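Counting in our numbering, the sequence shown runs from 18 upward without gaps.
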Amino acid sequence: MTRRIEKLQPHHAVDAFDCGQESLNRFLQKHALENHRSGGSQTYVGLAEEAVIGYYTLAVGSVEQDQAPERVKKGMAKHAVPVMLLARLAVDLHWQKQGAGAALLKDAMLRTLQAADIAGIRALVVHAKDDVARKFYERFDFFPSPTDPLHLFALLKDLRKIVSAVEQARLKQQDPCSIYPRATLETVCA
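This is how it looks when you write it as structure tokens:
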């Protein structure tokens, strides 16, 4: 079965997508393409053959200094901190607990790093919907905002380390977890 991640297009069959959270389903089915066309955000879909098995949405933004963790503010001028916002990430109920969420997150990390090569981005930020989502992101070394435990950050330098380690292992046909010894990387390795 062919699996891939593509930018959302009108021909993608999103109507059957169901992640179990109506607001996330509705965004993909009713608003994602409109936001994409207007330039407000970009949505990427995970596909198995032609079935949409998950998606994520990216948008650029900024975080005020008083809402950013010390690690994010360190070395920055006293202005708003430029960030990439992972606005949404959802996996269809039939594909949950099979690594699809980790694969989508890894792709979002890669695209964030690409964008950071042409524009200033200090961190990838996510607003987790609940504690289950928060724990998912913490497995990837996201850390909380000082003002809200559901607002999580990952510095770009940390994303580079994770992505670099996974790529080196892939090229050497090794287990990425043996090169980057963090247990949390196991979900990326799957």
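Beta carbons are placed, not taken as given, at the ideal position from N, Cα and C, and that holds for glycine.
In this text, all values refer to a predicted model and were calculated from it rather than measured experimentally.
- Item | Range covered by the beta strand (DSSP E) that runs through T60 | Taking the sequence shown and counting its residues from 1, one reaches residue 60 at position 43. Where T60 is concerned, the enclosing beta strand (DSSP E) stretches over 59-65.
- Taking the CB atoms as reference points, tell me whether R43 and Y73 lie closer together than 8 Å. Taking the sequence shown and counting its residues from 1, one reaches residue 43 at position 26. Taking the sequence shown and counting its residues from 1, one reaches residue 73 at position 56. No. Outside cutoff.
- Query: Apart from the five residues on each side of it in sequence, which residues of its chain come closer than 7 Å, Cβ to Cβ, to T19?
  - Reply: Translated into the one-based positions of the sequence shown, residue 19 becomes position 2. Cβ within range, chain order: E66.
- Item | Contacting residues, own chain, Cβ-Cβ under 8 Å from Q46 (five flanking each side not counted) | Here residue 46 corresponds to residue number 29 of the sequence shown, with the count starting at 1. Excluding sequence neighbours, Q46 sits near V31, D32, F34.
- Message: Just to confirm the assignment, what range does the beta strand (DSSP E) spanning G78 have?
- Response: Residue 78 sits at position 61 when you count from the first residue of the sequence shown. Segment 68-80, the beta strand (DSSP E) holding G78.
- Task: Whole angstroms is fine: what's the gap from A107's alpha carbon to R21's?
- Result: Translated into positions along the sequence shown, residue 107 becomes position 90. Translated into positions along the sequence shown, residue 21 becomes position 4. Each residue's alpha carbon lies about 15 Å from the other.
- Task: Quick one: measure Cβ to Cβ for F159 and A171, integer angstroms, because I've assumed they're closer than 8 Å.
- Result: For the purposes of this step, residue 159 is taken as residue 142 along the sequence shown, with counting starting at 1. For the purposes of this step, residue 171 is taken as residue 154 along the sequence shown, with counting starting at 1. With 8 Å as the limit, F159 and A171 qualify as a contact, their Cβ atoms being about 5 Å apart.
- Item | Start-to-end residues for the alpha helix (DSSP H) that takes in M126 | Here residue 126 is taken as the residue at index 109 of the sequence shown, counted from 1. 117-133 is the extent of the alpha helix (DSSP H) around M126.
- Message: Need the endpoints of the alpha helix (DSSP H) that V89 sits in, please.
- Response: For the purposes of this step, residue 89 is identified with residue 72 of the sequence shown, where counting begins at 1. Its alpha helix (DSSP H) spans residues 87-90.
- Query: I think L208 touches G78, with their Cβ atoms under 8 Å apart; what is that distance to the nearest whole Å?
  - Reply: Because the chain spans 18 through 207 in this model, residue 208 falls outside it and cannot be assessed.
- Message: Between the alpha carbons of K123 and V180, how many angstroms are there, rounded?
- Response: One-based indexing of the sequence shown puts residue 123 at position 106. One-based indexing of the sequence shown puts residue 180 at position 163. Spanning the two alpha carbons is a distance of roughly 8 Å.
- According to DSSP, is R156 helix, strand or coil? As a position in the sequence shown, residue 156 is number 139, starting the count at 1. Three-state DSSP puts R156 in coil, outside helix and strand.
- Grouping DSSP H, G and I as helix and E and B as strand, with all else coil, what is A94? The residue you call residue 94 lines up with position 77 of the sequence shown. Reduced to three states, the DSSP call for A94 is coil.
- Query: Which residue's Cα is closest to the Cα of D134: R177, W112, L75, G56?
  - Reply: Translated into positions along the sequence shown, residue 134 becomes position 117. Out of R177, W112, L75, G56, R177 has the C-alpha closest to the C-alpha of D134.
- Message: One question on the structure: do V149 and V80 come within less than 8 Å of each other, judged by their Cβ atoms?
- Response: Against the sequence shown, residue 149 aligns to sequence position 132. Against the sequence shown, residue 80 aligns to sequence position 63. In this structure, V80 does not lie closer than 8 Å to V149 by Cβ.
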